[in-house]
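Okay, so here's the structure we're looking at.
Numbering (my numbering), first residue to last: 142 to 296.
Written out as structure tokens, the structure is:
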């Protein structure tokens, strides 16, 4: 009995990318939080122990990025731009908090990686006028992810 590996090698990459492309085509509804949930997360992050703030702000950045992407795709670039400015503010708070002895750094890095990936998807689907704001935010989040990763390797 002879097994032909060549057809399996050709079909496998296609099968593996189907779930990824199906998910990328739409917004994952489980990632979207309403305004009240985001407000609660903001309060939790602000009142949290300084060691916990990095991860909580990363969760907040992730949730707000999803909201901004939905706003952008729904044709409300002004709200999306305002949301992205908040994302940049919280990204700055993450960077400032990295100097402290933080917990769950690896979780923060993985979540930030996922967030930058999603923001990059929105960038490719956005109109030309909206791309500048998205690119600036993506650049900022890439820097934050790099800083978090540096801290992961330092610990």
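Glycine included, each C-beta is placed from N, C-alpha and C at the ideal position.
Counted within 10 angstroms of its Cβ, other Cβ atoms place residue i as buried (16 or more) or exposed
i: residue 269; result: exposed
i: residue 190; result: exposed
i: residue 162; result: Any reading at residue 162 is ruled out, since the residue's pLDDT is 39, under 50, leaving its predicted position unreliable.
i: residue 209; result: buried
i: residue 196; result: buried
i: residue 181; result: exposed
i: residue 206; result: buried
i: residue 282; result: buried
i: residue 176; result: exposed
i: residue 258; result: exposed
i: residue 256; result: buried
Residue of the options minimising C-alpha distance to residue i
i: residue 228; options: 244, 216, 260, 217; result: 260
i: residue 271; options: 181, 202, 213, 196; result: 213
i: residue 296; options: 183, 240, 177; result: 240
i: residue 276; options: 287, 264, 285; result: 264
i: residue 247; options: 177, 182, 286; result: 286
i: residue 262; options: 252, 249, 279; result: 279
i: residue 284; options: 294, 250, 274, 267; result: 250
i: residue 204; options: 226, 179, 223, 192; result: 179
i: residue 252; options: 198, 174, 192; result: 198
Boundaries (first-last residue) of the alpha helix (DSSP H) holding residue i
i: residue 271; result: 269–295
i: residue 224; result: 218–238
i: residue 241; result: No alpha helix (DSSP H) contains residue 241, which DSSP labels as neither H nor E.
### Query
Is the stretch 212–222 touching the stretch 178–196, taking contact as three or more C-beta pairs under 8 Å?
Verdict: no, contact absent.
### Task
Run through the stretch 164–214 for me and flag every whole alpha helix (DSSP H) of 4 or more residues, listed as ranges in chain order.
The DSSP assignment places 176–188, 191–214 as complete runs of the alpha helix (DSSP H) inside the stretch 164–214, in order along the chain (cut-off: 4 residues).
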